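J.: Numbering (the numbering used here), first residue to last: 1 to 194.
Quick reminder that beta carbons are idealized off the backbone N, C-alpha and C, glycines included.
Since the model is a prediction, treat every value here as computed from it, not as a measurement.
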Ligand code: GLN
């Protein structure tokens, strides 16, 4: 890291980007909304939020963000994808993560639900997670580490410096997943609440 304070970009075309910004603000880390390729300059990490993956994909195409995002990932910039963000990272979308995400995987009866489970690398007991029309990982390559699963389906994975979650840690009032991402990204939290 340079001496300048770290800056995390949050893709802000659609979806739950503001909740991620609030989480990082609570951890003392600055964020910038990303809407066009120029907004990617100088970022130390990037978040792809939840929302609607089809709408976000169209926005990425419209703004010419696909290649710049792939270049960012190839250059080693850490990325966190949550829910729709996980889908966008997969093989058939941006092709950044060696996984195949299955959209709305939990079925009609389980559009939205909450669950508690352990996540590898997260200390202090189970994480309370909110799932909203969530995907799971249907297939993944050997370089992908599964951090948590539900009924045998991966819902939290890491590949190098890329973390993808089926659920919404920005909505449950706990910051351990954002801290895990900061650790993966090599960024130090400096929030008041430590
Ligand atoms: N079901 C949405 C999709 O397929 C994702 C939902 C979410 O991000 N909460 O894009």
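Going by the CB atoms, is the gap between residue 161 and residue 122 shorter than 8 Å?
T.: Looking up residue 122 in the chain shown gives position 122. Looking up residue 161 in the chain shown gives position 161. Their beta carbons are not under 8 Å apart, which means residue 122 does not touch residue 161 by this criterion.
J.: Can the beta-carbon of residue 21 be found less than 8 Å from the beta-carbon of residue 55?
T.: The residue you call residue 21 lines up with position 21 of the chain shown. The residue you call residue 55 lines up with position 55 of the chain shown. Not closer than 8 Å, so no.
J.: Using 7 Å as the cut-off, classify the Cβ of residue 156 as near or not near the heavy atoms of ligand 1, replying yes or no.
T.: Position 156 of the chain shown holds residue 156. Residue 156: no, Cβ never under 7 Å from ligand 1.
J.: Are the beta-carbon atoms of residue 164 and residue 43 separated by less than 8 Å?
T.: Mapped onto the chain shown, residue 164 falls at position 164. Mapped onto the chain shown, residue 43 falls at position 43. No; because the gap between Cβ atoms is not below 8 Å, this pair is not in contact.
J.: Tell me the residue span of the beta strand (DSSP E) that contains residue 158.
T.: Within the chain shown, residue 158 is the residue found at index 158, counting from 1. Here the beta strand (DSSP E) through residue 158 covers 153-159.
J.: Output the distance between the C-alpha atoms of residue 37 and residue 49, rounded to the nearest integer angstrom.
T.: Position 37 of the chain shown, counted from the first residue, corresponds to residue 37. Position 49 of the chain shown, counted from the first residue, corresponds to residue 49. Rounded to the nearest angstrom, the two C-alpha atoms are 17 Å apart.
J.: Please go through the same chain and pick out, in chain order, the residues whose beta-carbon is closer than 8 Å to the beta-carbon of residue 30, but skip the five residues on each side of it.
T.: Against the chain shown, residue 30 aligns to sequence position 30. Hits under 8 Å: 5, 6, 7, 8, 24.
J.: Going along the chain, which residues put their C-beta within less than 6 Å of some heavy atom in ligand 1?
T.: 50, 51, 52, 53, 83, 84, 87, 103, 104, 132, 133
J.: DSSP state of residue 133, grouped into three classes?
T.: Numbered from 1 along the chain shown, position 133 holds the residue referred to as residue 133. Looking at residue 133 - three-state DSSP - the assignment turns out to be coil, as it is neither helix nor strand.
J.: What residues are listed by DSSP as bridge partners for residue 14?
T.: For the purposes of this step, residue 14 is identified with residue 14 of the chain shown, where counting begins at 1. Its beta-bridge partners do not exist; DSSP assigns none.
J.: Nearest CA to the CA of residue 114: which residue from 130, 100, 136?
T.: Here residue 114 refers to the residue found at position 114 when the chain shown is read from its first residue. The residue with the shortest Cα to Cα distance from residue 114 is 130.
J.: The beta strand (DSSP E) spanning residue 31 covers which residue range?
T.: Against the chain shown, residue 31 aligns to sequence position 31. Note, residue 31: beta strand (DSSP E), 30-34.
J.: Express the C-alpha separation of residue 170 and residue 18 in angstroms, rounding to a whole number.
T.: Here residue 18 corresponds to residue number 18 of the chain shown, with the count starting at 1. Here residue 170 corresponds to residue number 170 of the chain shown, with the count starting at 1. The alpha-carbon atoms of residue 18 and residue 170 are separated by roughly 9 Å.
J.: Note down, in chain order, each residue of its chain lying with its Cβ closer than 6 Å to the Cβ of residue 60, except the 5 sequence neighbours on either side.
T.: Within the chain shown, the letter at position 60 stands for residue 60. Excluding positions up to five away in sequence, the list reads 66.
J.: Rounded to a whole number of angstroms, what is the C-alpha to C-alpha distance between residue 195 and residue 179?
T.: As shown, the chain starts at 1 and ends at 194. That puts residue 195 outside it, with no answer to give.
J.: Mapping DSSP to helix, strand and coil, what is residue 111?
T.: Position 111 of the chain shown, counting from 1, holds the residue named residue 111. Three-state result, residue 111: coil.
J.: Out of 124, 112, 151, 96, which one is the CA nearest neighbour of residue 144?
T.: Indexing the chain shown from 1 puts residue 144 at position 144. Among 124, 112, 151, 96, the Cα nearest to that of residue 144 is on 96.
J.: Quick check: what's the CA-CA separation for residue 125 versus residue 118?
T.: Here the question's residue 125 lines up with position 125 in the chain shown. Here the question's residue 118 lines up with position 118 in the chain shown. Residue 125 and residue 118: Cα-Cα distance of roughly 6 Å.
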